[in-house]
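As they're listed, the protein sequences go chains A and B.
In terms of my numbering, the first sequence opens at residue 1 and continues consecutively.
In terms of my numbering, the second sequence opens at residue 1 and continues consecutively.
Here a beta-carbon is modelled for each residue, glycine too, at the ideal position from N, C-alpha and C.
This one's a predicted model, so the numbers in the text were calculated from it and none came from an experiment.
What follows is one structure encoded as structure tokens, with my remarks underneath.
Number of protein chains: 2
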Amino acid sequence: MQVRLPKRSFSEALAVLERVVPTRSSSPVLTNLWVEGQEDGLILRGSNGEIDLELAVPAEVDGQGARLVPGQLLGQVVRGLPGELVELALQDGELTIESGSFKTRLATAASDEFPGFEFAVDSLVNIPARELSRAFSRVRYAASSEDYRAIFRGVQLELHPGRLRAVASDGFRLALYDVSLPIEEERKLVVPARSVDEIIRVLERSEGDVSLGAQAGHLTLAGDGFRLVAALMEGEFPDYERVIPQQIALEVRIPAALLRDSLKRVKVLADRSNHRLDLIFNGEALDVVAEGEMGRGSEALQAEVVAGEAMSLAYNAEYLLDALGPLASTARLRFSGAASPSIIQDEDDQGYLAVVVPLRV
Amino acid sequence: MQVRLPKRSFSEALAVLERVVPTRSSSPVLTNLWVEGQEDGLILRGSNGEIDLELAVPAEVDGQGARLVPGQLLGQVVRGLPGELVELALQDGELTIESGSFKTRLATAASDEFPGFEFAVDSLVNIPARELSRAFSRVRYAASSEDYRAIFRGVQLELHPGRLRAVASDGFRLALYDVSLPIEEERKLVVPARSVDEIIRVLERSEGDVSLGAQAGHLTLAGDGFRLVAALMEGEFPDYERVIPQQIALEVRIPAALLRDSLKRVKVLADRSNHRLDLIFNGEALDVVAEGEMGRGSEALQAEVVAGEAMSLAYNAEYLLDALGPLASTARLRFSGAASPSIIQDEDDQGYLAVVVPLRV
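Written as structure tokens, this is what we have:
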């Protein structure tokens with residue numbers, strides 16, 4: 001088998017797969033990439049046991065064949081190639097890679113040692129890759145990294161009639177993102193947060209629509225030049241909607257970047273153990289204050305009051321910053337009280353909603 | 001005491017000092033910075049016990065005073081300030097920092113807890129900061145990180161009549177850099193490599209000349225806006241000049257970047273234990289070859305033969321790349337034989353000379 005393809009697209013595809021393919025594994029075969037010449041391109045597959053990923057790279061291919069090649073090594077070699085074109089040849093179990101004045105010969109293994117891939121997609125919905133990527137990436141931060149209540153280590157994807165929702169929580173905060181879509185059924189799928197990170201990377205380089213499906217405990221995604229299967233977590237989130245407050249005592253508007261920058265400055269002085277930072281609203285005046293063992297920091301800002309009264313609230317500064325992270329323009333903050341959950345939304349991206357619970361002080 | 005100064009110059013000076021000031025120390029007072037208002041500027045001092053560094057930042061100062069302020073915290077606060085001007089006020093043991101809408105109050109400690117600084121410079125030679133920085137940074141890589149023969153963990157600065165030399169070695173390779181200077185005496189000073197790294201950073205932001213001196217086991221440097229004292233190592237390098245070969249069997253010229261890029265590509269295939277990479281010279285042809293457990297890589301290059309015959313040499317690829325690292329234009333390589341030291345020089349920077357010993361194969 002002989003293959004000719006641009007270094008650039010080959011190297012980009014390998015970079016995505018290298019992130020999935022483990023450098024070491026209790027199942028050493030997984031450190032390999034499946035490299036296969038097909039009629040219209042080169043097929044590359046990798047797996048970490050939780051995600052199976054297949055990328056198709058357009059290439060001129062003569063002949064057919066599939067072998068396993070050490071994943072990290074292949075990535076390193078291809079990134080460093082001197083030419084813009086790469087020629088691959090598979091013969092007698094060796095993969096030869098040539099480009100410009102450089103030539104390498106890599107030992108390979110038989111492809112039948114690789115775990116089987118089940119890339120068949122039972123499509124539930126088609127969604128633009130960018131929308132799905134945005135939904136996952138806006139809420140990812142709120143997933144738990146603790147073993148306690150393991151289900152919160154995943155991001156829940158919910159299919160409802162007319163919309164798709166991604167939601168994450170660690171029990172102390174919540175983030176959700178809604179996308180309107182012509183969906184008919186109800187379905188909940190919990191994807192491990194680590195897999196979500198890789199899915200976001202794959203989606204970000206994809207154009208057009210993605211076909212999303214589920215089968216036998218797996219999420220399946222198929223789009224332009226890729227197919228992906230990710231193992232799902234068992235179970236689903238407890239009812240989280242009841243922590244979103246309905247009674248609002250104060251609602252304000254403030255440019256998100258202004259508030260974020262101020263929080264970052266002031267939090268430097270916060271107590272190292274609880275990261276406490278206070279927001280003190282009084283009319284249009286907003287004082288951001290933190291005080292710890294090293295001293296005290298404060299900043300005077302202005303916020304537009306939409307409705308409500310003066311209020312003082314204390315937060316974990318990191319949680320507040322995380323919740324503001326996805327906001328691009330104006331933050332709309334709604335406070336139900338100093339000891340009950342607060343809502344953070346983005347005026348220009350109504351799909352996003354975050355809930356942060358104030359510190360008990 | 002009240003001080004007004006631009007955020008930018010304050011923050012740049014703090015960034016340099018923050019690298020020296022330890023975040024934790026068995027001597028906790030060293031985690032502080034000495035902050036002092038003088039007539040024409042703000043004096044900042046920090047120490048890690050091996051290097052004492054003083055930076056002067058131009059500022060408007062009313063009154064006088066010196067206090068100790070937690071170093072990392074001050075850096076973080078100042079970097080984040082919203083305005084372009086910073087106002088400091090020292091009163092009742094508290095340092096107030098104001099900028100734009102932000103205000104902070106930091107607890108400080110009395111300055112007499114700080115170790116004494118001996119910044120007096122007994123000048124041996126004046127040298128442009130850039131030249132000294134270049135001399136140190138070109139040879140730094142060759143210093144040892146092993147405890148064996150501890151003197152090689154330093155960079156030796158040699159004053160000879162008419163020139164200054166920086167030299168580093170780990171016993172397997174050697175790098176030296178000569179600068180012509182009107183020096184009259186002979187002197188050898190061995191500076192710990194870790195201190196060399198910080199000295200390079202300080203010199204890189206300095207203009208003009210530096211006054212270099214030595215006193216009581218310390219190197220002293222004084223230049224535009226800074227004074228620095230670094231503890232020296234005891235002893236000096238064994239005679240290293242005898243490893244620089246005099247009999248040359250092959251001399252070639254080759255663009256340094258071309259050779260470096262090729263070595264980086266080919267070394268990916270090198271044996272993981274000895275990093276062996278072969279250079280095979282035959283007329284104008286140069287083959288770069290590596291072979292390891294994963295396969296074989298090779299690249300065909302051309303090198304101009306200045307004098308000599310065909311030769312095959314094996315190196316540790318990392319050592320060869322390190323030695324080529326400082327080269328900007330054309331490398332001049334001189335080989336004394338396959339089992340004896342090789343010389344690497346830069347045609348456009350005659351001050352630099354590296355010696356690498358081939359692998360025994």
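Contacts around residue i, its chain only, beta-carbon distance under 7 Å, and the 5 residues preceding and following it disregarded
i	result
Leu324 (chain B)	Ala256, Leu259, Arg260, Ala331 and Ile344
Asp349 (chain A)	Ala328
Tyr352 (chain B)	Arg138, Tyr177, Pro326, Gln345 and Asp346
Leu55 (chain A)	Ala13, Val16, Leu17, Leu44, Gly225 and Phe226
Pro245 (chain A)	Ser336, Ser340, Pro341 and Ile343
Met294 (chain B)	Leu269
Arg130 (chain A)	none
Whole-Å CB distance - residue i paired with residue j, under 8 Å assumed
i	j	result
Asp287 (chain B)	Ala270 (chain B)	Not quite, the Cβ-Cβ distance comes to about 14 Å (not below 8 Å), so this is no contact.
Arg194 (chain B)	Ala214 (chain B)	About 19 Å separates the two Cβ atoms, so there is no contact after all.
Pro6 (chain A)	Glu84 (chain A)	6 Å
Arg105 (chain A)	Arg296 (chain B)	5 Å
Val35 (chain B)	Arg67 (chain B)	6 Å
Arg276 (chain B)	Phe102 (chain A)	About 18 Å separates the two Cβ atoms, so there is no contact after all.
Ala403 (chain B)	Asn32 (chain B)	Any answer about residue 403 (chain B) is impossible in this case: the structure gives chain B only from 1 up to 361.
Close beta carbons around residue i, own chain, < 6 Å, minus the five adjacent residues each side
i	result
Asp52 (chain A)	Phe117 and Val229
Glu60 (chain B)	Arg4
Gly63 (chain B)	Met1
Glu50 (chain B)	Ser195 and Ala231
Arg334 (chain A)	Ile248, Glu251 and Ile343
Gly363 (chain B)	Outside the modelled stretch of chain B, which goes from 1 to 361, sits residue 363 (chain B), for which no answer is possible.
For residue i, the three-state DSSP class (helix, strand or coil)
i	result
Ser27 (chain A)	coil
Tyr352 (chain A)	strand
Ser144 (chain A)	coil
Leu14 (chain B)	helix
Arg138 (chain A)	helix
Gln302 (chain B)	strand
Leu81 (chain A)	coil
Asp322 (chain B)	helix
Ala175 (chain A)	strand
Ile97 (chain B)	strand
Arg149 (chain A)	coil
Ala129 (chain A)	helix
Asp92 (chain A)	coil
Leu74 (chain B)	helix
Arg334 (chain A)	strand
Val357 (chain B)	coil
Arg242 (chain B)	helix
Ala231 (chain B)	strand
Ala270 (chain B)	coil
Val362 (chain B)	Residue 362 (chain B) lies beyond the residue range present for chain B, which begins at 1 and ends at 361; the question has no answer from this structure.
Asp122 (chain A)	coil
Asp209 (chain B)	strand
Ser340 (chain B)	coil
Asp278 (chain B)	strand
Extent of the continuous alpha helix (DSSP H) run through residue i
i	result
Ile200 (chain B)	Ala193 to Glu204
Asp62 (chain B)	Run containing Asp62 (chain B): none in the alpha helix (DSSP H); it sits in the beta strand (DSSP E), Glu60 to Asp62.
Ala216 (chain A)	First-last for Ala216 (chain A): undefined, no H or E at that position.
Leu259 (chain B)	Ala256 to Lys267
Enclosing beta strand (DSSP E) for residue i [first to last residue]
i	result
Gln2 (chain B)	Gln2 to Pro6
Ile248 (chain A)	No beta strand (DSSP E) holds Ile248 (chain A); DSSP gives it neither H nor E.
Gly154 (chain B)	Gly154 to His160
Asn48 (chain B)	Run containing Asn48 (chain B): none; DSSP gives neither H nor E here.
Glu291 (chain B)	Ala285 to Gly292
Ala185 (chain B)	A small fix is needed here, since residue 185 (chain B) is Glu in this sequence, not Ala. Where Glu185 (chain B) is concerned, there is no enclosing beta strand (DSSP E), given that its DSSP letter is neither H nor E.
Residues near residue i by beta carbon distance below 8 Å, same chain, minus five either side
i	result
Ser111 (chain A)	Trp34, Glu36, Ala66, Arg67 and Leu68
Arg19 (chain B)	Glu198 and Arg201
Ala338 (chain B)	Met311, Ser312, Leu313, Ala314 and Pro358
Proximity test, Cβ basis, 9 Å: residue i and chain E
i	result
Val139 (chain B)	No chain E is present in this structure, whose protein chains are A and B.
**OP:** With 7 Å as the C-beta to C-beta threshold (strictly closer), list the residues of the segment 220-237 of chain B near chain A in chain order.
**Re:** When C-beta distances to chain A are compared with 7 Å, every residue of the segment 220-237 of chain B stays at or above that value.
Subject >> Residues in the segment 104-120 of chain B having any Cβ partner in chain A nearer than 8 Å >> reply: Answer set for the segment 104-120 of chain B: Thr104, Arg105, Leu106 and Ala107.
**OP:** Pull out every residue of the segment 259-271 of chain B whose Cβ sits closer than 8 Å to any Cβ of chain A, in chain order.
**Re:** Listed by position along the chain: Asp261, Ser262, Lys264, Arg265, Val266, Val268 and Leu269.
**OP:** Please list the residues of the segment 279-302 of chain B that have a C-beta atom closer than 7 Å to any C-beta atom in chain A, keeping them in chain order.
**Re:** Met294, Gly295, Arg296, Gly297, Ser298, Glu299, Ala300 and Leu301
Original post:
Listed from N- to C-terminal order along the chain, which residues in the segment 83-102 of chain A have their beta-carbon within a distance smaller than 7 Å of any beta-carbon of chain B?
Top reply: Ser101 and Phe102
**OP:** Taking only beta carbons into account, state which residues of the segment 17-30 of chain B come closer than 8 Å to chain A, listed in chain order.
**Re:** none
**OP:** Taking only beta carbons into account, state which residues of the segment 59-82 of chain A come closer than 8 Å to chain B, listed in chain order.
**Re:** Pro70, Leu73, Gln76, Val77, Gly80, Leu81 and Pro82
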